[in-house]
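Written below as structure tokens is the structure these notes are about.
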Amino acid sequence: MTPVDVVLIGRNEGARLVAALASVVGQARQVVYVDSGSTDGSLAEARKAGAKVVELDLSAPFTAARARNAGFAALDDPQLVQFIDGDCALVPGWLEAARAQMQENPKTALVTGWRSEIHPNASLYNQLCDVEWHRPAGIIQTCGGDMMLRAEAFSEVGGFDPTVIAAEDDEFCTRLRKAGWTLERLAREMTRHDAAMLRFGQWWRRAVRTGHGFAQVGHLHPEYFTTERKRALVYALLLPLLILLGAAVFWPLALAALVAYPLNWVRTAQGLRHEGLPAPEARRHALLLTLSKFPNLIGMATFHWRRLRQAPMRLIEYK
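Going by our numbering, 127 is the number at position 21 of the sequence shown; the sequence numbering is gapless.
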């Protein structure tokens with residue numbers, strides 16, 4: 107039977123990391139924890155659990171991609187590697203199911219499953235995450251950072267790009283597909299996640315980070331995130347400019363541009379209803395998704411400003 111190793115990454119996750127470690131210790135051949143400058147006792151908890159600890163050098167910017175690469179490099183003869191974030195816990199039975207699927211399909215680079223929120227009703231923002239995580243099963247284009255990966259595929263494409271600060275998993279998956287590998291999502295629970303997103307400001311910063319990912323991954327792979335980038339440009343830049351122009355010279359133009367926002371909200375809510383979301387939740391989620399174009403645009407502009415100045419791509423944290 108092919109051995110499975112686990113790489114956990116985290117930064118100041120506290121009790122969430124303790125739960126993550128408890129969910130993997132004893133189930134994997136090796137457990138590596140990669141820490142990105144924690145000050146909350148995470149290192150001690152990881153060592154207490156028996157994990158091999160890797161501390162990232164503070165002289166370079168932290169990224170999830172960099173941490174995952176460091177965890178992979180610390181493994182002894184890896185074959186199948188389960189990556190999970192330090193705010194997640196593995197669901198019992200996942201490793202066995204994922205390993206069986208990988209063994210049966212040698213051209214599959216990775217398998218992922220469903221992530222769900224531990225406290226979906228703690229806030230509207232947590233609810234939004236819970237819906238976001240539940241995507242259709244089958245052959246997929248990309249997935250999040252929780253995944254079981256074939257070491258051969260990881261090495262072939264050179265691992266994650268450590269300069270990508272958001273959507274690094276999308277960028278990595280895109281290179282895997284271009285190299286001829288298959289990616290798959292199984293129709294089963296994989297991890298339980300604790301977003302701990304309770305304030306509007308946290309949601310806003312996460313949406314800024316998402317926009318940074320749209321722009322950076324789109325810069326590396328122009329065919330990817332095209333729709334997301336266009337939506338941010340239209341709703342957060344073009345329409346506001348038309349509203350200002352219309353208010354100054356031709357008010358019907360401003361009115362027509364303003365109407366686009368409630369129309370987008372209605373269409374988004376209808377789409378969420380078709381996915382099975384109750385009407386009240388669909389309306390609330392649609393409001394945030396409509397508003398998200400503005401922080402998305404800020405994130406996109408942040409990436410290009412950094413790129414033009416050749417500035418470091420530093421993490422945008424929301425916790």
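Cβ coordinates follow ideal geometry from the N, Cα and C atoms, glycine included. Note that the coordinates shown come from a computational prediction; the quantities given were computed from them, not determined experimentally.
For residue 163, the secondary structure class from DSSP, reduced to helix, strand or coil, is coil. Between residue 219 and residue 145, the gap from beta carbon to beta carbon reaches 9 Å or more.
Taking every protein chain shown into account, the CB of residue 386 has fewer than 16 other CB atoms within 10 angstroms, so this residue is exposed. Counting along the chain, the unbroken beta strand (DSSP E) around residue 194 starts and ends at 194 to 196.
Within the DSSP bridge table, the entry for residue 115 names 140 and 191 as partners.
Residue 272 and residue 392 have their C-alpha atoms spaced approximately 23 Å apart. Just measuring C-alpha positions, the residue of 226, 278 and 152 sitting nearest residue 216 is 278. Checking the DSSP bridge columns, you'll see residue 381 has no partner listed.
Residue range 306 to 326 is occupied by the alpha helix (DSSP H) that includes residue 314.
For the pair residue 364 and residue 352, the Cα-to-Cα distance works out to about 10 Å. Its chain contains 155 and 195 as the residues whose beta carbon lies nearer than 8 Å to that of residue 128, once the 5 sequence neighbours on both sides are disregarded; these appear in chain order.
Proximity to residue 285 across 247, 192 and 361 peaks at 247, based on C-alpha coordinates. Close CB contacts of residue 405 within its chain, under the 8 Å cut and outside five residues either way in sequence, are with 272, 313, 314, 315, 316, 317, 318, 319, 320, 321 and 422 (chain order). Beta-bridge analysis with DSSP links residue 222 to 298. Going by DSSP, residue 406 is part of the alpha helix (DSSP H) stretching over 399 to 415.
Residue 421 has no beta-bridge partner at all, per DSSP. Looking at the backbone, the Cα of residue 382 and that of residue 390 are separated by about 14 Å. Between residue 223 and residue 239, the C-beta spacing is below 9 Å.
The alpha-carbon separation between residue 359 and residue 403 amounts to approximately 23 Å. Under the DSSP assignment, residue 255 falls in the beta strand (DSSP E) whose first and last residues are 253 to 256.
Here residue 335 is buried, its C-beta having at least 16 other C-beta atoms within 10 Å. Nearest C-alpha to residue 268 among 212, 174 and 378: 174. By a beta-carbon distance limit of 8 Å, residue 140 does not contact residue 164. Their separation comes to about 13 Å. It is roughly 15 Å from the alpha-carbon of residue 113 to the alpha-carbon of residue 119. In the DSSP annotation of this structure, the continuous segment of the alpha helix (DSSP H) that includes residue 238 starts and ends at 230 to 239.
In the three-state reduction of the DSSP assignment, residue 135 falls in the coil class. Taking a contact as a CB-CB distance under 8 Å, the pair residue 207 and residue 262 does not count as one, their CB atoms being some 19 Å apart.
Nearest Cα to residue 305 within the set 252, 234, 326 and 292: 234.
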